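Since the structure comes first, as structure tokens, the remarks are kept for the end.
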Amino acid sequence: MSRSTLLHEGWTLRALPGPQVPSEIAGVEVPATVPGCVHTDLLAAGLIPDPYLDDNENRLTWIGRTDWVYRTTFHHEPGGDDRVDLACAGLDTVATVTLNGVEVGHTENQHRSYRFDVRSLLRAGDNTLAVRFDSPYRYAEAHRDRLGDRPNAYPEPFQFIRKTACNFGWDWGPTVVTAGIWRRIALHAWSAARLATVRPLVTVDGGVGRVELHVEVERTRDEPLTVHATVAGVAAEVTVPAGERAALLTLTVDDPALWWPAGYGEQPLHDLDVTLRAADGRDLDTVSRRIGFRSVRLDTTPDAHGTPFTLHVNDVPIFVKGVNWIPDDAFPNRVTRARLAQRFDQALGANVNLLRIWGGGRYESDDFYELADEAGLLVQQDFLFACAAYPEEEPFRTEVEAEAREQVTRLAGHPSLVLWTGNNENIWGWHDWDWQEPLAGRTWGRGYYLELLPTIVGELDPTVPYWPGSPWSGSDDIHPNDPAHGTMHIWDVWNDDDYTKYREYVPRFVAEFGYQAPPAFATLRRSISDEPLAHDSPGMAHHQKAIDGDLKLQRGLDAHLPVPADFDDWHYYTQLNQARAIQLGVEHFRSHRPVCTGTIVWQLNDCWPVTSWAAVDGDGRRKPLWYALRRAYADRLLTVQPRDGGLALVAVNETGRAWTAPATVTRLTLAGEPRAKTSVDLDVPAYSSVVLPLPAELARPDEARRELLVAEAGDTAERALWFFAEDRDVEWPAADWDATVEPADGGRRVRVTARTVLRDLTLFPDRLDPSAQVDQALVTLLPGESAVFTVRADAPLDADALTRRPVLRCVNDLL
């Protein structure tokens, strides 16, 4: 039976000499953690400051321009195995591997694994293994100079190396160009044969589940082999004749319990066990994993509105309530399964059903996809190309093909994986970002996205749809970001326009749109030492990576909100504006279901403490945007929308049952006095929306600055509000409320009763204790109404501080 021995102990790290290496590090050998990376090892040794704090990142750029050597000594006792392989699941990136002074291999791709036969080099007793990592910059710049430069979004050579692109910095990320043994490394001893790949293609048709199991073996002996597989109580077996290396088994399961996305049903998973046996019946190798039975297809059949982009799971059209996913930390060894589970809980808590793994990041760990399978979170997986013209010459074409084949094979059979995407914004970039003249006919990646990658997906996993790019219209003849066709990204709003412009688009599917805000206050105070803290203080400025980011934030404030009096106001208002922008966009797009069939908000998470588009900040704290997403992505949504020169009540039902309920829409003064009212009976079929125009006496206020609409459908959905004027123009009364605080299990319960209207009442308990969290936010109360906020914290919280500024805020609390 094959066996693996992890080689994760006893490693050391040192920098090779170079003029850029600081004197205190030159010649120093430090303990190294494997899996890990240079930055975290140097940080653990106390040799560098934390790159996430203040502007320390600027003092650490030399790391990416340095060569590094990892070294360990391990004990080995030779057995009778035919082969002993050094199996490297992930080396970042340009690595030379030596065993006992002999070079055994060289790597140039972070996104694939490597295996080297080292049996003849192993000694009885102690053995020395070393991995040298050459500077990623030197490698990338050499290929850039050889092949000719190509345009990209940032002045870094990230497209000339198969490495996590955002290591080189992004408009939300630090420049921390890593190196290291970032995934497991082990000795794998085996004889006769091993299971090289196991690729289950799972389909469901007519109530019958089918697992088409493709197996490849690697051999040292030409003898017959047997592959045995079981799943869901069904077994199959096939003989692999002597000399052959591939086998196909089919397992048929009648009426399997179907796997569904979150919100559509359950997520039953089944153990798939595969055993490779020798001719004498001995077990040689085994692979076990879990699969789910579901069908997936992408409907892009042209219709009266253009080209749709609708995911169907088990023949049910899914409205995608998505978020974009970036690496959760720049240093992947810090992203544990428990941390991923917390992030997934946050996604599910915001009623998200899809995570798009963005193309500037990395193919995520097995933990990621396993957790997605368990949670019912759909996964759209980009191939790793983003915001740049990528060369198609060697060695890149061979490396791209190798990584794509490995990753498609690795992820086949995960029921959560429902879409492969060729790239992020590169086809759009070629069309619109002034690339064509500087490229002067040089390759830019088109051959990958429209030829190589679809061929690989079609060959290795035709059960999962492929789409050439995000965005992509479906045809070379149509602009890649045309809202009427396929997928689109909306970035003119953030870059140039007010967020109300979202209402000018009726897209088929929005794969990216976002709006910025700073992280939670406790996250700022942990990571930035500025005194006083201000929106433009040095640390804040360093943790704002977007071009003119603060000016764009200010433009948004000027359009909607009162003038901030201090940093506390600025922080609350910018977070509020982010939440409102995305809520407005999501509700507008959902109101156009089924013409629009999905939204993927940029972005769920952050990789460090930064002002960004994230709903969950770099320390894992939920921003007000998270609460707005939870509301906008609710299965049953009431929303008031402009329609045909008036207003309409739109009810969106994303459940499998019809939604019937009485509803009312009332025009009120800010003091709560009714001016007009209408009643309607909601009858919204499953997975659909209904638009109900409102009478003119509701849509036209007597005093726009003193009135609002309230739409309610009892306890079947959260109420919807419509204000006739911007907050900066509304004649708000000075905020007045009564508040009580009482103990609650693990924290406090804060009850606020409004004496006046309170607009977007939000509690920020992390200002009192970094561990504190609150269950709701952005609550608007009319006079006489109450809200209860439950706060959890590791330490007792000051009751008085919980009920006053800057912890408890609303828009009109300054008056």
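Numbering (my numbering), first residue to last: 5 to 819. Ideal Cβ positions, reconstructed from N, Cα and C, are used throughout, including at glycine. Quick caveat: nothing in here was measured; it's all calculated off a predicted structure.
Taking residue 746 as reference, the option from 793, 715, 789, 765 with the minimal CA-CA separation is 793. Around the C-beta of residue 440, fewer than 16 other C-beta atoms lie within 10 Å, and the residue is accordingly described as exposed. In the structure shown, residue 556 adopts helical secondary structure according to DSSP, grouped into three states.
Exposed is the label assigned to residue 551, since fewer than 16 other Cβ atoms lie within 10 Å of its Cβ. Judged by DSSP in its simplified three-state form, residue 52 adopts coil rather than helix or strand. Here residue 433 is buried, its C-beta having at least 16 other C-beta atoms within 10 Å. Residue 343 has its alpha-carbon roughly 26 Å from the corresponding atom of residue 752. Per DSSP, the beta bridge partners of residue 316 are 301, 321. Taken through DSSP and simplified to helix, strand or coil, residue 295 comes out as strand. Judged by pairs of C-beta atoms under 8 Å, the stretch 590 to 598 does not touch the stretch 538 to 555, as fewer than three such pairs exist. Taken atom to atom, the span from the alpha-carbon of residue 727 to that of residue 299 is near 43 Å.
By the beta-carbon neighbour count (other beta carbons within 10 angstroms, threshold 16), residue 308 is exposed.
The three-state reading of DSSP puts residue 201 in strand, counting E and B together.
A distance below 7 Å separates the beta carbons of residue 326 and residue 604. In the DSSP assignment, residue 790 falls within the unbroken beta strand (DSSP E) covering 790 to 796. DSSP, reduced to helix, strand and coil, places residue 807 within a helical segment of the structure shown. In this structure, residue 755 keeps its C-beta atom at 7 Å or more from the C-beta atom of residue 766.
In terms of CA proximity to residue 199, 414 leads the group 526, 456, 414. In the three-state DSSP reduction, residue 67 falls in the helix class (H, G or I).
In the three-state DSSP reduction, residue 328 falls in the strand class (E or B). The straight-line gap separating the alpha-carbon atoms of residue 442 and residue 351 is approximately 41 Å. Beyond the five residues adjoining it in sequence on each side, residue 809 comes within less than 8 Å, by CB distance, of 572, 817 in the same chain, given in chain order.
Bounds of the beta strand (DSSP E) holding residue 667 are 663 to 673. Sequence-distant Cβ neighbours of residue 321 in its own chain, meaning closer than 8 Å and more than five residues away, are 303, 314, 315, 598, 601, 691. When DSSP states are grouped into helix, strand and coil, residue 726 belongs to the strand group.
Remark: fewer than three beta-carbon pairs, one from each stretch, lie closer than 8 Å, so the stretch 85 to 92 and the stretch 144 to 155 are not flagged as touching.
Residues of the same chain with a CB within less than 6 Å of the CB of residue 516, apart from the 5 flanking positions on each side, are 493, 606 in chain order. Sequence-distant Cβ neighbours of residue 20 in its own chain, meaning closer than 6 Å and more than five residues away, are 71. Taking residue 210 as reference, the option from 266, 297, 128 with the minimal CA-CA separation is 297. Residue pairing of residue 711 in beta bridges, as defined by DSSP: 673. Residue 643 has 654 as its beta-bridge partners, per DSSP. Relative to the Cα of residue 74, the nearest Cα in the group 279, 37, 82, 110 belongs to 37.
Going by beta carbons, residue 487 and residue 475 fall outside the 7 Å limit. In the structure shown, residue 112 adopts extended strand secondary structure according to DSSP, grouped into three states. Per the DSSP secondary-structure output, residue 686 pairs in a beta bridge with 665.
Straight across, the Cα-Cα distance linking residue 283 with residue 246 is about 10 Å.
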